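First the structure, in the form of structure tokens, and then the observations on it.
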Amino acid sequence: MSDTTAQGSQMSAQKGNTEENLTVLNALHEPTTHLFSDGKALYGRSDKAKAEDYTFRQLLKHVRRERKANQA
1180 MSDTTAQGSQ MSAQKGNTEE NLTVLNALHE PTTHLFSDGK ALYGRSDKAK AEDYTFRQLL
1240 KHVRRERKAN QA
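The end of the sequence shown is residue 1251 by our numbering, with every number in the run present.
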């Protein structure tokens, strides 16, 4: 019985953390999207390769590389 209660408490805490993380991510999404739009507008004609760097995929790659370097 106590295991079930503990599991329920952990699930509630996890749900709270998820909601908190979503709030932070949603707050970051708008300025990040604006930055990507600006980068694509600036480099769209002059440097196509650099313009491709202004995407969420590239941002995630960069973050993962940095994390990996800091863990080593």
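Here a beta-carbon is modelled for each residue, glycine too, at the ideal position from N, C-alpha and C. Computed from a predicted structure; not experimentally measured.
Cβ of residue i within 8 Å of Cβ of residue j?
| i | j | result |
| --- | --- | --- |
| threonine 1234 | phenylalanine 1215 | yes |
| alanine 1230 | lysine 1219 | yes |
Give the secondary structure of residue i by DSSP, where H, G and I count as helix, E and B as strand, and everything else as coil.
| i | result |
| --- | --- |
| aspartate 1217 | helix |
| glycine 1195 | helix |
| threonine 1234 | coil |
In terms of residues, what are the limits of the alpha helix (DSSP H) holding residue i?
| i | result |
| --- | --- |
| alanine 1228 | 1227-1231 |
| alanine 1251 | Alanine 1251 -> no alpha helix (DSSP H), and no H or E assigned at all. |
Roughly how many angstroms lie between the CA atoms of residue i and residue j, to the nearest whole one?
| i | j | result |
| --- | --- | --- |
| threonine 1212 | glutamine 1237 | 13 Å |
| serine 1188 | tyrosine 1222 | 50 Å |
| aspartate 1232 | arginine 1244 | 15 Å |
| alanine 1228 | aspartate 1217 | 15 Å |
Following a CB-centred definition, is residue i positioned closer than 7 Å to any heavy atom of the ligand ADP?
| i | result |
| --- | --- |
| proline 1210 | Only the bare structure without any ligand can be found here, which leaves the ligand ADP out of the picture. |
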